[in-house]
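Asker:
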Amino acid sequence: MLRCPICQEKLEKSDRQFVCPNHHSFDIAKQGYVNLSLKQKKNQGDNKAMVQARTHFLEKDYYAFMRQEVLDLLKKYEIHSLIDLGCGQGYYTSMFQSVCDPCFGVDLSKEAVLYAAKQNKNIQYLVASIYDLPFEDACCDGVTSIFVGQADQEVHRVLKDQGVWITVGPGPRHCWELKEKLYQTVLENPEEQDTKEGFVLVEKKHIQKQEKVDELWNLLEMTPYRYKSPKAGLEAVKNCSSLDVTFEFVIRCWRKI
C-alpha cells in the first residue's frame, strides 16, 4: 500500500526498512514508526507539551462516545483497510484497528507518532503530511479524519472505488461553556458544507453529550482557542477547577464516486 515519497514507486518492507525499486530507503524506528516526510522541519505538528496535554485529556474518555460512533460506522460500511489521518497519539486509531486490518496512522507530529507507536505495534504509524500521502492510488477501503484538515484530493486518490471517508468536526455548540470563559461574546461554530467534489454524502450524524471536565486547560490545549483568546479569558480558564462542557460532533460519511 505504501509508496516512496521521492519517486512514487511501491515501498516494500525489508528487515528494518522500507525500500523502493529505485533503492530509496526509509528506516523503521525502534518504536515501529516510519518517517516518510521529506520536509524535515523542527516542530512540525504538535510538540511534546501539546501531545501530553492531548493525551491526558483523551485518556479520560470524554470523547469515547464519538469514537464508538465512528467504530460502528467502520463496521457498518465493512471497512477493512484503513488510513487514519491526523492520528495524533493513536487514541482513535487503536480502537479502529480492532476491526480494520491493515490499519495505518498518519500524522506530521513526530512526537505524537512516537507515542502512538509505543502503544500499539499492530498499527503502522507514519510521519507524513496528510496533503501528500505516501500511499498508492486506490489502495484502501476507508479513511478517517477526526478534527483535522480536509485533504479531499489525496483522500480521493488513495480510496478504492466506492471507498468511504468518515470525517468528524465540531458541532455548532461544541465546547460552548469553555468559550464562554474565554470570550465576552460567544458565536456558534459554522457548519461545513455537505458537498465535496468526487464524493457523495451518504450519512450525517449530530451527537452531543455534556461532561464535567476537571482538566480544563488540557482541553483548551486541544483547541485553536489556546492561541486566539484574550489573556483575561485564558486566566479565567486557568482559575477554573472544573466545568460542565458540551461536546458536540458532526460525523459525515462520504463515498467516493
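Taken in order, the sequence shown gives residues 7 to 263; the numbers are from our numbering. A virtual CB, placed ideally from N, CA and C, is assigned to each residue, including glycine. Note that the coordinates shown come from a computational prediction; the quantities given were computed from them, not determined experimentally.
How about P196 and R9: are their beta carbons less than 8 Å apart?
Answerer: Here the question's residue 196 lines up with position 190 in the sequence shown. Here the question's residue 9 lines up with position 3 in the sequence shown. In this structure, R9 does not lie closer than 8 Å to P196 by Cβ.
Asker: Starting from C167, follow the alpha helix (DSSP H) in both directions and report where the run begins and ends.
Answerer: Taking the first residue of the sequence shown as 1, we reach residue 167 at position 161. In the sequence as presented, Cys is not what sits at residue 167; that position holds Asp. That residue, D167, is in no alpha helix (DSSP H); its beta strand (DSSP E) goes 165-176.
Asker: Can you find at least 3 beta carbon pairs, one from the segment 124-142 and one from the segment 55-66, that sit closer than 8 Å?
Answerer: Touching, no.
Asker: When you compare the segment 32-44 with the segment 205-218, are there three or more beta-carbon pairs, one atom per stretch, that lie closer than 8 Å?
Answerer: No: the two stretches stay apart, fewer than three of their Cβ pairs being nearer than 8 Å.
Asker: State the DSSP-derived secondary structure class of G111, mapped to helix, strand or coil.
Answerer: Reading the sequence shown from its first residue, position 105 is the one you call residue 111. In the structure shown, G111 sits in a strand (DSSP, three-state: E or B).
Asker: Taking 8 Å as the threshold (C-beta atoms), are T150 and Y69 in contact?
Answerer: Your numbering for residue 69 matches position 63 in the sequence shown. Your numbering for residue 150 matches position 144 in the sequence shown. For Y69 and T150, no; Cβs fall outside 8 Å.
Asker: To the nearest whole angstrom, what separates the beta carbons of C145 and D113, a pair I think is in contact under 8 Å?
Answerer: The residue given as residue 145 occupies position 139 in the sequence shown. The residue given as residue 113 occupies position 107 in the sequence shown. At roughly 19 Å, the Cβ-Cβ gap does not stay under 8 Å, so C145 and D113 are not in contact.
Asker: Could you spell out the range, first to last residue, of the beta strand (DSSP E) harbouring S43?
Answerer: Residue numbering aside, residue 43 sits at position 37 when the sequence shown is read from its first letter. No beta strand (DSSP E) contains S43, which DSSP labels as neither H nor E.
Asker: Under 8 Å by Cβ, that's how I've got D143 and V164 pegged, so tell me the actual separation to the nearest angstrom.
Answerer: On the sequence shown, position 137 is the one that residue 143 refers to. On the sequence shown, position 158 is the one that residue 164 refers to. The pair is a contact, with the Cβ atoms about 7 Å apart (cut-off 8 Å).
Asker: Compute the Euclidean distance between the alpha carbons of G169 and D158, then round it to the nearest angstrom.
Answerer: Here residue 169 is taken as the residue at index 163 of the sequence shown, counted from 1. Here residue 158 is taken as the residue at index 152 of the sequence shown, counted from 1. In a straight line, the C-alpha of G169 is about 13 Å away from that of D158.
Asker: Secondary structure at Y83, three-state DSSP: helix, strand or coil?
Answerer: Along the sequence shown, read from residue 1 onward, the residue named residue 83 stands at position 77. Looking at Y83 - three-state DSSP - the assignment turns out to be coil, as it is neither helix nor strand.
Asker: Excluding the five sequence neighbours on either side, which residues of its own chain have a C-beta within less than 7 Å of the C-beta of Q103, listed in chain order?
Answerer: Position 97 of the sequence shown, counted from the first residue, corresponds to residue 103. For Q103, where only same-chain residues beyond five positions count, the Cβ hits under 7 Å are C109, N126, N128, I129.
Asker: Checking the sheet assignment: what are the DSSP bridge partners for Y131?
Answerer: Counting from one through the sequence shown, the residue named residue 131 turns up at place 125. Bridge partners of Y131: G111.
Asker: For a test of the three-state rule: what should DSSP assign to Q125, helix, strand or coil?
Answerer: Here the question's residue 125 lines up with position 119 in the sequence shown. Looking at Q125 - three-state DSSP - the assignment turns out to be helix.
Asker: Just to confirm before moving on: does the CB-CB distance between Y231 and G148 stay below 8 Å?
Answerer: As a working mapping, residue 231 is identified with position 225 in the sequence shown. As a working mapping, residue 148 is identified with position 142 in the sequence shown. Contact: no.
Asker: Taking only the alpha-carbon atoms, compute the straight-line gap between N53 and Q95 and give it to the nearest angstrom.
Answerer: Taking the sequence shown and counting its residues from 1, the one referred to as residue 53 is at position 47. Taking the sequence shown and counting its residues from 1, the one referred to as residue 95 is at position 89. Rounded to whole angstroms, N53 to Q95 spans 12 Å at the Cα level.
Asker: Only counting runs of 3 or more residues, tell me where the beta strand (DSSP E) segments fall wholly within the segment 220-252, in order along the chain.
Answerer: With a minimum length of 3 residues, no continuous beta strand (DSSP E) run stays inside the segment 220-252.
Asker: What is the rounded straight-line gap between the Cα of H162 and the Cα of K262?
Answerer: Position 156 of the sequence shown, counting from 1, holds the residue named residue 162. Position 256 of the sequence shown, counting from 1, holds the residue named residue 262. Whole-angstrom Cα-Cα distance: 7 Å.
Asker: Going by beta carbon distance, what residues of the same chain come within less than 6 Å of V133, once the five residues before and after it are set aside?
Answerer: Within the sequence shown, residue 133 is the residue found at index 127, counting from 1. Closer than 6 Å at the Cβ level, and outside the excluded window around V133, lie N41, S43, K116, V119.
Asker: Taking 7 Å as the cut-off, is the CB of T191 close to at least one heavy atom of the ligand FMN?
Answerer: The ligand FMN is absent from the structure shown, which contains no ligand whatsoever.
Asker: Measure the alpha-carbon distance for V105 versus Q74 and round it to whole angstroms.
Answerer: Taking the first residue of the sequence shown as 1, we reach residue 105 at position 99. Taking the first residue of the sequence shown as 1, we reach residue 74 at position 68. Going by the C-alpha atoms only, they are around 12 Å apart.
Asker: Q14 by DSSP, collapsed to three states: which one?
Answerer: Residue 14 sits at position 8 when you count from the first residue of the sequence shown. Coil at Q14, not helix or strand.
Asker: My understanding is that I172 touches V76, with C-beta atoms under 8 Å, so please give their C-beta distance in whole angstroms.
Answerer: Sequence index remark: in the sequence shown, residue 172 carries index 166 (1-based). Sequence index remark: in the sequence shown, residue 76 carries index 70 (1-based). Indeed they touch by this definition, with Cβ atoms about 6 Å apart.
Asker: What separation, rounded to the nearest whole angstrom, lies between the Cα atoms of R179 and E217?
Answerer: Sequence index remark: in the sequence shown, residue 179 carries index 173 (1-based). Sequence index remark: in the sequence shown, residue 217 carries index 211 (1-based). When rounded, the distance between both Cα atoms is 14 Å.
Asker: Could you tell me the alpha carbon to alpha carbon distance between C26 and K81, rounded to whole angstroms?
Answerer: Working through the sequence shown from its first residue, we reach residue 26 at position 20. Working through the sequence shown from its first residue, we reach residue 81 at position 75. Distance between the alpha carbons of C26 and K81 is about 33 Å.
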